[in-house]
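Each protein sequence line maps, in turn, to chains W and L.
Heads up: the first sequence begins at 1 in the working numbering, then just goes up one per residue.
Heads up: the second sequence begins at 1001 in the working numbering, then just goes up one per residue.
Presented below is the structure to which this report refers.
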Amino acid sequence: MEDVPGTGSSELSAAGVEWLGARLQHLQTLSAALAAARTEAEAIDATLDQGLALFEADQAVIATLDDAGREFRIAGMRGYSGQVHSDWATFPNSDDYPLSEATRRGEPVVVAGPDELIRRYPRLAGTERSEVLVCLPMGEFGGIALGYDREVALPPEELEFMAAVARQCSEAIRRTTLDAERRRRARRLGLLAEAGAAFSRSLDYRTTLLEVANLAVPGLADCCIVDVVEATGLRQHAAVHVRPENLPQVREVEQRYAPDPGDPRSAVGAVLRTGSPTLVADVDDEFLGRITRDAEHAQAVRSLGMRSLIIVPLIARGRTLGAITLIQDVSGRRYDDQDLTTAVSLADRAAVAIDNARLHGAQVEVAQVLQRGLLPDREPRIAGIDIAARYLAAGEGIDVGGDFYDVWPRSDHAFGVAIGDVSGKGARAASMTALARHTVRVAALHEPTPSRVLGVLNQEVRRHCPPDMFCTAAYADAVRSEDGSLDLTIALGGHPPGAVVRADGRLEEAGRPGMLLGVRDTPDLTDQRLRLAAGELLVLWTDGVTERRSGTRIFGEEGLAEVLHRVTAGWTADMLARELEQAVLDFAPEPPQDDLAIVVIRPLPPH
Amino acid sequence: MTTGGSIEVAPDGDVAVVAIRGEHDLANADALRRELEGLRKQGRPFVVDLTDATFIDSAVLGVLIGEHDRAAERGLRAGFVVAEGSGHSVRKIIDLAGVRSVLPISDTRDAALEAIRGSR
Chain W
1 MEDVPGTGSS ELSAAGVEWL GARLQHLQTL SAALAAARTE AEAIDATLDQ
51 GLALFEADQA VIATLDDAGR EFRIAGMRGY SGQVHSDWAT FPNSDDYPLS
101 EATRRGEPVV VAGPDELIRR YPRLAGTERS EVLVCLPMGE FGGIALGYDR
151 EVALPPEELE FMAAVARQCS EAIRRTTLDA ERRRRARRLG LLAEAGAAFS
201 RSLDYRTTLL EVANLAVPGL ADCCIVDVVE ATGLRQHAAV HVRPENLPQV
251 REVEQRYAPD PGDPRSAVGA VLRTGSPTLV ADVDDEFLGR ITRDAEHAQA
301 VRSLGMRSLI IVPLIARGRT LGAITLIQDV SGRRYDDQDL TTAVSLADRA
351 AVAIDNARLH GAQVEVAQVL QRGLLPDREP RIAGIDIAAR YLAAGEGIDV
401 GGDFYDVWPR SDHAFGVAIG DVSGKGARAA SMTALARHTV RVAALHEPTP
451 SRVLGVLNQE VRRHCPPDMF CTAAYADAVR SEDGSLDLTI ALGGHPPGAV
501 VRADGRLEEA GRPGMLLGVR DTPDLTDQRL RLAAGELLVL WTDGVTERRS
551 GTRIFGEEGL AEVLHRVTAG WTADMLAREL EQAVLDFAPE PPQDDLAIVV
601 IRPLPPH
Chain L
1001 MTTGGSIEVA PDGDVAVVAI RGEHDLANAD ALRRELEGLR KQGRPFVVDL
1051 TDATFIDSAV LGVLIGEHDR AAERGLRAGF VVAEGSGHSV RKIIDLAGVR
1101 SVLPISDTRD AALEAIRGSR
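Following this line, the structure appears as structure tokens:
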């Protein structure tokens, strides 16, 4: 400072006026910058840049005091070399350091001249030094030190002014911290609300896990990993990073040093074992040393640049399903207890959602097993007959279908074939298909003709099912002759006739239309006899085949005939069944909306 | 599922004519059932006109049969129209189900209305 106001003269010189004007300008700029600051970083930058200009200093550094008041950490600096930054990254809060002293005393501390500096603060020997050092307290936040490379005189009023400005800056920084905290709180609540909505959207287990990770990033973490405990061990089900290009490295480390929850060192393992969350606010070498196996492992993990870490367990209904790992790396953000609370809340919601999804998945499996129980145990085998069946349940998951088929031996040389379609979906339809299969098998034991067998089924449907529940069925009784041919008697109850593919390629209908079952007490049902020579094929299907639609087109009998016309002498039952199924599937881009069942019978020539 | 199906109800005297157009399957079978149920509860005889229906599946057929039977229980007459012009699959499903002896089916709307009125 060239001229210091208030030093004595009662009048300001022209230079003095100019100087004062400049100072007011800087003060205004500083105030505006502080008011505009939205984050702590912005407020600190404003303080440093404008403070340097305002006080015409050459260096400035702001250091913050940790919560325990034990240590200072540099929050920003100007005019110092990078060496200073790393040398002074942290320093203890003790009077051995001028900034510490200023903060403790709540008063400015001035050190003029390198000799005085060494004398009063021997610890600063060997460090880059300014000619004059002014340390100003910044309330609870910490302090700011200004360095001058020239001699300056700082009378008490000037120091008071500087201290006042420093206090104003610390207030601004505190405000931004509160604002940021408020925003974080709102974001946390928003995150949890979003979580609720997101988790209810999908009942697919894997989708839900990915939703968890996507929700957490970047709102709560730079990187989120979800691990799930499965029968074979811990499996990583989702990994999301705010910078997707960082993921391969994360994965590589995870793969090379696969987390072993049984390993006492494993941080995730500890969380899984204890069921307690972990907050590592500062990932330091000590922590890395504890959780890694060797120096190489530690280096690999260190290279990921984790700054702060939270691991929370996923626990639902008393069972630990896995863990969510939240990492701050690129943003350099530091986790606190509030973040841990949020993470635990998120994990609670996620665990319930995952559990529900798994339950649903289990239910789907049960339903599918049920469904398969409605079908013959294994590919039915009848001596001398080539049999193939295709079955596709259309409903998603627990919407078990109403189509059924059955093939079973009735004696050495006779067997029964049944196929049908119960109206509707769900458990009711499924249980009715079980009834239908059972009824037909039992009735076939004592009823002389297929029409009588279907008559029995009709009775059962009338008796046991709601009035608007109906069932179609086709039943054929087949007897094998010595020459390998098959004598069939077939009856249809509301079911489409089957198709016979003759040796010469001609197509014929098998069965005459009869009444839908369950409608009337005495349905109109007819028996038809036909003979199948060895190598000829009988095809039975449900309307999921013929009623497959694509836009306004319908697969229909034409589609069926088209496939049947392609059959040649060498075709096996399995080939035809698969061809037909594929043709139905290929007919439209979307998956079938209705169940379909296909049964193909081909008597084999005797050896 | 359904690319386009509509249900239109218009009175013809005291009989409600329920015109089914386009495609109807499991997805909208329930809407049809509710419509017919409503008419039954009002005590109105109805005619289901499938002349302009292009497709119906077993679920819809089940509704038609069920609602016909329920109406009959209440002493209400119900009729059906399946014309030459009705979708091929509509006629087919009715034939396959063998329900022509169960449901009173006529070729034209007039014939169906006459059948309902004539038998009183």
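For glycine and all other residues, C-beta sits at the position ideal for the given N, C-alpha and C.
Source: prediction; values computed, not measured.
For residue 496 (chain W), the residues of chain L that pass the 7 Å Cβ criterion are 1096, in the order they occur in the chain. Leaving aside the five residues that flank residue 1024 (chain L) on each side, the residues in its chain whose CB is nearer than 6 Å to its CB run, in chain order, 1005, 1056 and 1060. For residue 528 (chain W), the enclosing beta strand (DSSP E) covers residues 527–532. A residue is called buried when at least 16 other Cβ atoms come within 10 angstroms of its Cβ; residue 15 (chain W) does not meet this threshold and is exposed. With 16 or more other CB atoms across the displayed protein chains lying within 10 angstroms of its CB, residue 546 (chain W) is buried. Residue 264 (chain W) is outside the set of residues whose beta carbon lies under 8 Å from a beta carbon in chain L. Residues of chain L with a Cβ closer than 7 Å to the Cβ of residue 524 (chain W) are, in chain order, 1098 and 1101. Scanning W:532, W:236, W:575 and W:107 for the CA closest to the CA of residue 504 (chain W) turns up W:532. Across the set W:333, W:314 and W:42, the C-alpha of W:314 shows the shortest separation from the C-alpha of residue 343 (chain W).
Inter-segment contact for the segment 512–528 of chain W and the segment 1090–1100 of chain L is present: three or more beta-carbon pairs are separated by less than 8 Å. For the pair residue 417 (chain W) and residue 251 (chain W), the Cα-to-Cα distance works out to about 54 Å. Secondary structure of residue 77 (chain W) (DSSP, three-state): strand. Excluding sequence positions up to five before and after residue 548 (chain W), its CB lies within less than 8 Å of the CB of 554, 555, 559, 584, 587, 588, 592, 594 and 596, all in the same chain and listed in chain order. One finds 1097, 1098, 1099, 1101 and 1102 in chain L with Cβ atoms closer than 9 Å to the Cβ of residue 515 (chain W), taken in chain order.
Nearest CB-CB separation between residue 423 (chain W) and chain L: below the 8 Å threshold. Per DSSP, residue 1089 (chain L) is one residue of the alpha helix (DSSP H) stretching across 1088–1096. The secondary-structure analysis by DSSP pairs residue 1017 (chain L) across a beta bridge with L:1010 and L:1047. Secondary structure at residue 1100 (chain L): coil, using DSSP grouped into helix, strand and coil.
According to the DSSP secondary-structure assignment, residue 1079 (chain L) is paired through a beta bridge with L:1047. Taking a C-beta distance under 8 Å as the contact criterion, residue 491 (chain W) and residue 457 (chain W) do not qualify as a contact pair. At least one C-beta of chain W is nearer than 8 Å to the C-beta of residue 1057 (chain L). If you draw a straight line from the Cα of residue 107 (chain W) to the Cα of residue 136 (chain W), it comes to about 7 Å. Ranked by how close their Cα comes to the Cα of residue 1036 (chain L), the residues L:1027, L:1014 and L:1070 have L:1070 in first place. Counting only residues of its own chain and dropping the five nearest sequence neighbours on each side, residue 277 (chain W) has a CB closer than 8 Å to the CB of 271, 310, 311, 312, 313, 340, 343, 344 and 347.
Residue 581 (chain W) and residue 474 (chain W) have their C-alpha atoms some 19 Å from each other. The three-state secondary structure of residue 593 (chain W), taken from DSSP, is coil. Here the alpha carbon of residue 439 (chain W) sits roughly 34 Å from the alpha carbon of residue 506 (chain W).
In the DSSP assignment, residue 541 (chain W) falls within the unbroken beta strand (DSSP E) covering 537–541. By the neighbour-count criterion, in which a residue is buried when 16 or more other Cβ atoms sit within 10 angstroms of its Cβ, residue 542 (chain W) is buried. Chain W places no beta carbon closer than 8 Å to that of residue 1086 (chain L), leaving this residue out of the contacts. With a beta-carbon spacing of about 4 Å, residue 573 (chain W) and residue 602 (chain W) fall inside the 8 Å limit used to define contacts. In the DSSP assignment, residue 1062 (chain L) falls within the alpha helix (DSSP H) that extends over 1058–1073.
A Cβ of chain W is located within less than 8 Å of the beta carbon of residue 1069 (chain L). One Cα belongs to residue 382 (chain W), the other to residue 326 (chain W), and the distance between them is close to 60 Å.
For residue 226 (chain W) against residue 324 (chain W), the beta-carbon gap comes to about 5 Å, under 8 Å, which counts as contact.
Contact of residue 1006 (chain L) with chain W is not assigned, every C-beta pair being separated by 8 Å or more.
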